[in-house]
Amino acid sequence: MYKELEKFKVSNSFTFTIEDSLEQACNASEGAGVFVVYAVEGDAKELIMVGSTGTVQNDGTLKSKNGGLYDKIVNGHQFAKTGRKYSWPAQMKLENISALEVVWYETFNADVKAIPTAVEGQVLQSFLDANARLPRWNVAF
Numbered sequence: 384m385y386k387e388l389e390k391f392k393v394s395n396s397f398t399f400t401i402e403d404s405l406e407q408a409c410n411a412s413e414g415a416g417v418f419v420v421y422a423v424e425g426d427a428k429e430l431i432m433v434g435s436t437g438t439v440q441n442d443g444t445l446k447s448k449n450g451g452l453y454d455k456i457v458n459g460h461q462f463a464k465t466g467r468k469y470s471w472p473a474q475m476k477l478e479n480i481s482a483l484e485v486v487w488y489e490t491f492n493a494d495v496k497a498i499p500t501a502v503e504g505q506v507l508q509s510f511l512d513a514n515a516r517l518p519r520w521n522v523a524f
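Quick note on the numbering used here: the sequence shown kicks off at 384 and runs consecutively.
Spelled out as structure tokens, the structure:
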């Protein structure tokens with residue numbers, strides 16, 4: 384767990400396998416925040432992606448797409464011009480990944496006001512510092 388994420392109390396996780404429906408497996412809220420994705424092999428977990436959703440406006444309010452974290456995880460585009468509900472199983476097959484663990488955090492709500500992309504950047508910076516690269520499913524930041 385990254386220390387940047389410890390302060391966020393609205394959080395949960397779910398496991399996803401190729402046989403699962405991402406729409407059914409995903410328990411993320413419709414709030415704004417960050418999600419981290421781990422490839423799971425037995426007891427080993429590797430961070431392979433960090434993502435976020437929600438934009439803070441100059442008046443301090445949040446602008447987020449309908450569906451928030453849930454929609455970004457399930458329908459956000461990755462690897463192709465198609466939603467993750469289709470691209471993740473295909474990529475898992477290609478990379479021989481048996482399961483993903485997705486952990487999500489609401490970073491901007493009534494109790495806490497952390498800009499989702501800023502938190503995403505902090506987690507990616509920590510990963511870069513430790514590994515001299517980004518997680519393999521993060522193309523760029």
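Just so you know, even glycine gets a beta-carbon here, dropped at the ideal spot from N, CA and C.
Please tell me whether residue i and residue j are closer than 8 Å, where the distance is taken between their beta carbons.
i: tryptophan 487; j: phenylalanine 399; result: no
i: threonine 436; j: lysine 455; result: yes
DSSP three-state label for residue i, please.
i: isoleucine 480; result: coil
i: leucine 430; result: strand
i: tryptophan 471; result: helix
i: phenylalanine 510; result: helix
i: threonine 465; result: coil
i: valine 417; result: strand
i: lysine 496; result: strand
i: valine 485; result: strand
i: leucine 445; result: strand
i: glutamate 503; result: helix
i: valine 457; result: helix
i: glutamate 406; result: helix
i: glutamate 389; result: coil
Would you mind sorting residue i into buried or exposed? The rule is 16 or more other CB atoms within 10 Å of its CB.
i: asparagine 514; result: exposed
i: serine 447; result: buried
i: arginine 519; result: exposed
i: alanine 501; result: exposed
Measuring only the C-alpha atoms, how far is residue i from residue j?
i: glycine 416; j: glutamine 474; result: 24 Å
i: tryptophan 471; j: phenylalanine 397; result: 14 Å
i: valine 495; j: glutamate 402; result: 36 Å
i: glycine 450; j: alanine 427; result: 31 Å
i: asparagine 441; j: isoleucine 498; result: 12 Å
i: glutamate 503; j: valine 433; result: 6 Å
i: serine 412; j: glutamate 406; result: 12 Å
i: lysine 525; j: asparagine 458; result: Coverage of the chain is limited to positions 384 through 524, which leaves residue 525 absent and any answer about it impossible.
i: alanine 523; j: leucine 517; result: 8 Å
i: lysine 392; j: glutamate 489; result: 8 Å
i: glycine 414; j: glutamate 387; result: 18 Å
i: leucine 511; j: serine 404; result: 31 Å
i: serine 481; j: alanine 493; result: 37 Å
i: asparagine 479; j: glutamate 429; result: 13 Å
i: asparagine 410; j: threonine 444; result: 25 Å
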